[in-house]
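Below is one structure; the comments refer to it alone.
Number of protein chains: 2
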Amino acid sequence: MEPLHIQSCYPPQYQCCYGCGVSNPQALGVATFWDGAVGRATFTPKPEHTAVPGFVYGGLLASLVDCHGVATAAAAIADDPRHPPRLVTASLQVQFLCPTPLGPPLELTARLTERRGRKAVVQVEISVQGSVTVRGEVVAAPIPAHMAHQAAPSSPSAPLTD
Amino acid sequence: MEPLHIQSCYPPQYQCCYGCGVSNPQALGVATFWDGAVGRATFTPKPEHTAVPGFVYGGLLASLVDCHGVATAAAAIADDPRHPPRLVTASLQVQFLCPTPLGPPLELTARLTERRGRKAVVQVEISVQGSVTVRGEVVAAPIPAHMAHQAAPSSPSAPLTD
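Top line first, the protein sequences correspond to chains A and B.
The first sequence begins at 237 in our numbering and counts up one residue at a time.
The second sequence begins at 237 in our numbering and counts up one residue at a time.
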């Protein structure tokens with residue numbers, strides 16, 4: 237199949253994400269392409285996305301793992317990946333195997349590895365110039381009903397459980 | 237003791253972090269205050285830091301856990317917290333207990349809970365209006381020698397091990 241840009245397939249009201257939302261002009265611009273088996277993305281950090289001089293900020297790498305993992309989960313569990321559900325992140329793990337140099341494009345891959353009830357588990361890798369520098373795991377869950385209502389609650393509630 | 241702003245105590249060459257660097261004009265501006273036992277920070281996300289309408293982006297929350305956890309680790313293990321070492325993140329775990337509403341200030345606390353060889357483990361909590369919405373764990377490690385040399389290597393290397 238022709239790879240699908242998953243974030244552009246999200247329902248319009250859920251396209252505002254700071255990491256990957258196609259309708260958020262200040263978004264980082266993570267774009268996940270799904271080929272039916274693997275989610276792939278390429279991302280080139282900006283000069284300001286630094287941790288210490290010459291290396292990529294870990295929080296940015298975590299953000300890439302998050303958005304790319306959730307989009308891959310949505311595509312993988314969708315009846316039709318052209319209409320993926322909008323999932324949210326229940327948990328995120330990121331291992332920084334070695335420092336990620338700032339400059340070259342980062343290549344991301346993600347694969348669905350497990351279903352846990354209504355949750356989906358995705359493994360993500362970030363590579364630079366052919367070497368894996370980051371491994372991540374995202375547990376994605378259906379969007380809670382009160383988030384779907386598009387209004388902030390007066391106080392936190394609705395645990396992200398199955 | 238008067239709470240110390242840890243990121244302003246980092247060596248000048250390590251103050252450029254995109255999350256918390258006091259010399260990076262585009263930084264998010266995470267500021268960790270250390271009182272001798274607990275790291276505390278307050279952060280108010282901007283309107284663009286959204287996941288879906290009304291809620292904070294998970295990658296931003298992961299970034300807060302990262303910078304605040306590393307700074308707390310540095311302060312906690314320093315001989316003199318006025319001169320903290322610049323640590324880096326070896327791994328990061330974030331649990332999104334419930335959606336975090338976008339708007340109110342976020343309150344962060346962090347505590348050193350374990351030493352693993354040269355690594356330091358810190359538990360971080362993010363609260364909104366008195367309720368914990370995010371729990372995180374950061375494993376911080378001494379900055380690898382080749383990162384300290386302030387030049388990007390030609391390829392990734394130097395695993396972040398003890």
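For glycine and all other residues, C-beta sits at the position ideal for the given N, C-alpha and C.
These figures come from a predicted structure and were not determined experimentally.
Nearest-angstrom Cα separation, counted from residue j out to residue i
| i | j | result |
| --- | --- | --- |
| residue 262 of chain B | residue 266 of chain A | 19 Å |
| residue 301 of chain B | residue 361 of chain B | 8 Å |
| residue 321 of chain B | residue 273 of chain B | 17 Å |
| residue 305 of chain A | residue 237 of chain B | 43 Å |
| residue 293 of chain B | residue 299 of chain B | 10 Å |
| residue 379 of chain A | residue 324 of chain A | 6 Å |
| residue 341 of chain A | residue 356 of chain A | 28 Å |
| residue 239 of chain A | residue 297 of chain A | 23 Å |
| residue 370 of chain A | residue 316 of chain A | 30 Å |
| residue 254 of chain B | residue 247 of chain B | 16 Å |
| residue 279 of chain A | residue 332 of chain A | 17 Å |
| residue 258 of chain A | residue 354 of chain B | 42 Å |
| residue 277 of chain B | residue 281 of chain A | 26 Å |
| residue 251 of chain B | residue 243 of chain B | 7 Å |
| residue 318 of chain B | residue 288 of chain A | 19 Å |
| residue 303 of chain B | residue 295 of chain B | 12 Å |
| residue 349 of chain A | residue 245 of chain B | 43 Å |
| residue 367 of chain A | residue 334 of chain A | 10 Å |
| residue 286 of chain B | residue 376 of chain A | 17 Å |
| residue 328 of chain A | residue 359 of chain B | 15 Å |
Identified DSSP bridge partners for residue i
| i | result |
| --- | --- |
| residue 363 of chain A | A:343, A:368 |
| residue 331 of chain B | A:327, B:371 |
| residue 380 of chain A | Beta-bridge pairing links residue 380 of chain A to no other residue. |
| residue 356 of chain A | A:351, A:376 |
Environment of residue i [buried if 16+ CB atoms lie within 10 Å]
| i | result |
| --- | --- |
| residue 383 of chain B | buried |
| residue 336 of chain B | buried |
| residue 241 of chain A | exposed |
Contact list for residue i against chain D, beta-carbon separation under 7 Å
| i | result |
| --- | --- |
| residue 285 of chain A | The structure shown contains no chain D; its protein chains are A and B. |
Beta carbon proximity, residue i to chain A, threshold 9 Å
| i | result |
| --- | --- |
| residue 291 of chain B | yes |
| residue 299 of chain B | yes |
| residue 296 of chain B | yes |
| residue 384 of chain B | yes |
| residue 243 of chain B | no |
| residue 279 of chain B | no |
Three-state secondary structure assigned by DSSP to residue i
| i | result |
| --- | --- |
| residue 310 of chain A | helix |
| residue 241 of chain B | strand |
| residue 264 of chain B | coil |
| residue 348 of chain A | strand |
| residue 277 of chain B | strand |
| residue 298 of chain A | helix |
| residue 248 of chain B | helix |
Proximity test, Cβ basis, 9 Å: residue i and chain B
| i | result |
| --- | --- |
| residue 249 of chain A | yes |
| residue 275 of chain A | no |
| residue 184 of chain A | Chain A is shown only over 237 to 398; residue 184 of chain A falls outside these bounds and no answer can be derived. |
| residue 319 of chain A | no |
| residue 257 of chain A | yes |
| residue 267 of chain A | no |
| residue 379 of chain A | yes |
| residue 327 of chain A | yes |
| residue 351 of chain A | no |
| residue 237 of chain A | no |
| residue 341 of chain A | no |
| residue 322 of chain A | yes |
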